[in-house]
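K.L.:
In this text, residue positions in the sequence shown follow full-length UniProt numbering: the first is 1, and each later residue adds one.
The C-beta atom is built at its ideal place from N, Cα and C for all residues, glycine as well.
Small disclaimer: the values here were computed from a predicted structure and weren't measured.
Sending over a structure as structure tokens; questions will come in a sec.
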Amino acid sequence: MAPLVSIQPWKGLYAAYVIARAIVTLPWLLGRSSLPSTRPAAGWSFKMCMLNEVARQLLKFRSDTRSDDLATVLADHRKAEAEGRFMLAMPPPPADSAEVYAHVLSSSVVKPAPVGGMWYPAPPPPPDPSGTQDEKVVLHFPGGAFVLAYGQEEQGRLVSRVMNRHLGASRTLVAQYRLASGAAPARFPAALQDLATVYRHVLSLGVAPRNVVLSGDSAAGNLVLGLVRYLEEETPDASLPRPGGAIVWSPWVHVTPRAGADYAAVRNEQSDFLPASLLQWGVDAYFPPDHDDERVRPYLSPLHRPFRTRVPLFVHAGGAEGFFDGVRDFAGQMAGVAGNRVRFHRTDLAPHDLVLSYGGSGWGGRSRRRRGMLGRSCLTGSSRDASPTHPFSSQSGVSILVEETSSLNINRSRLIFEDCLGAPTYSRLV
């Protein structure tokens, strides 16, 4: 049952209460943020402390009032459609669906559905054997605890700039999967079905699988890991071939029925902007009735359930985020599987989801060149590993240089670019 404050007029009254409380507590917040000794994380600036608390309170309000913001995403989709940038991925015909939605993605209750998204800067041209195969596409899915929509135009442009500038992507597609909230809630495996639908759609445009990089932040990082697992364990190459790589930013890897209580007990809970109530809402809405099924559990909570994959994986976590320990441990477990290529990187003192907070809150700072990599296209053979067997070498079509924010003083932060997905073993950056 939805909380009383999620419906009017109670929602409006609750909003007024939250604003009044914020005004009353503002002097305390200003004082805490002004003194380095009382800040949530030593080394944070005043600006970062304030923005972190604002983000935390906004997310708590959205969680308390069940405000998923899907309407904004749909409105942006309509605008993108008028500009020719809208993408609508359709599930395959029923006769072919068994090849795409098999095993854990097959459900008698949850059926595949169309999925919308937006291209940046524009969709690929019509299939051309001499051209489209060389398109370098990042397929990004936004987070939101499975219940909040973050596929808006503003967020998409921010992500696409990062992917274009630092990964050398020709195009970025930001797709909004079905949520487990709102007027038409969709539990697992709906969102994972949607990822498979969109990935299949991109391949149908003539983009070579080796030139596709899957990307997801937070809960969508969980989904991207689930899709990679599914492609490895459940799907023959003929129906859905493996992508060239996967990047997960602050992935939610420890997802349990007690998500709120689990998160409230982690060491970085007070320095992150994620409220425990949001995670609990997400789990309550997303988990299927059979969440204890051994077949389903690895897709819901991948921590302590590593798997073998031929897809190179880059995992990022902020040193000050609540998910940090779980993400680090998961990356180590994945790297311990023979044959896996996993690179884990932490950004010291960064909060949750750096791919979105970067730039907008000052994490980008000033940049400098390192080893001449800044501004060099990572898709034109600039990788340090250009061996024919390297999955991201110029010979195979994709080579990824990933941005690393290595200093938390936002006035002196620097950008370091490395071929993160080429690292053969678990990185010692922790």
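Quick check for students: name the residue ranges of the alpha helix (DSSP H) that lie wholly in the stretch 314–367, counting only runs of 4 or more.
P.N.:
324–335, 354–357
K.L.:
Is DSSP giving W119 helix, strand or coil here?
P.N.:
strand
K.L.:
Can you check DSSP and say which residues form a bridge with A175?
P.N.:
The partner list for A175 (beta bridge, DSSP) reads G117.
K.L.:
Taking the C-alpha atoms as reference points, what is the distance between L223 and D64?
P.N.:
24 Å
K.L.:
Give me the Cβ distance between A285 and V104, rounded to the nearest whole Å; I'm assuming they're in contact under 8 Å.
P.N.:
Between V104 and A285 the Cβ distance is about 19 Å, and since that is not below 8 Å, they are no contact.
K.L.:
From the DSSP output, read off the bridge partner residues of I247.
P.N.:
S215, F314
K.L.:
Got a sec: does the ligand SAM put a non-hydrogen atom nearer than 6 Å to the Cβ of P94?
P.N.:
Only the bare structure without any ligand can be found here, which leaves the ligand SAM out of the picture.
K.L.:
Counting Cβ pairs closer than 8 Å, one from the stretch 114–124 and one from the stretch 86–100, do we hit at least three?
P.N.:
yes
K.L.:
So if DSSP puts A102 in a beta bridge, which residue, or which two residues, is it bridged to?
P.N.:
According to DSSP, A102 bridges with nothing at all.
K.L.:
Does L59 come out as helix, strand or coil in the three-state DSSP assignment?
P.N.:
helix
K.L.:
Taking Cβ positions, are G226 and F141 nearer each other than 7 Å?
P.N.:
The answer is no: Cβ separation not under 7 Å.
K.L.:
Check the Cβ-Cβ distances between V54 and every residue of chain B, and say whether any is below 7 Å.
P.N.:
In the displayed structure, chain B is absent; only one protein chain is listed.
K.L.:
Within the same chain, show all residues whose beta-carbon is closer than 8 Å to that of P93, passing over the 5 residues directly before and after it, in chain order.
P.N.:
Cβ neighbours of P93 beyond the five flanking positions: none.
K.L.:
Can you have a look at R341 and say buried or exposed, based on whether 16 or more other CB atoms are within 10 angstroms of its CB?
P.N.:
R341 should be labelled buried.
K.L.:
If we require 4 or more residues per run, which alpha helix (DSSP H) segments fall completely within the stretch 60–97?
P.N.:
70–82
K.L.:
Got a sec? Which residues, its chain only, sit under 6 Å from G182 by beta carbon, not counting five neighbours each side?
P.N.:
D68, L70
K.L.:
Could you round the C-beta distance between L274 and G43 to whole angstroms and report it? I think they count as a contact, below 8 Å.
P.N.:
Their Cβ separation, rounded to whole angstroms, is 20 Å, which puts L274 and G43 out of contact at 8 Å.
K.L.:
With DSSP collapsed to three states, give me the class of S6.
P.N.:
helix
K.L.:
My assumption, with CB atoms under 8 Å, is that P91 sits in contact with F188. Please give the rounded CB distance.
P.N.:
P91 to F188, Cβ: 17 Å. No contact.
K.L.:
Where does V18 fall in DSSP's three states?
P.N.:
Three-state result, V18: helix.
K.L.:
Would G322 pass as a contact of V283 if the rule is Cβ separation under 7 Å?
P.N.:
no
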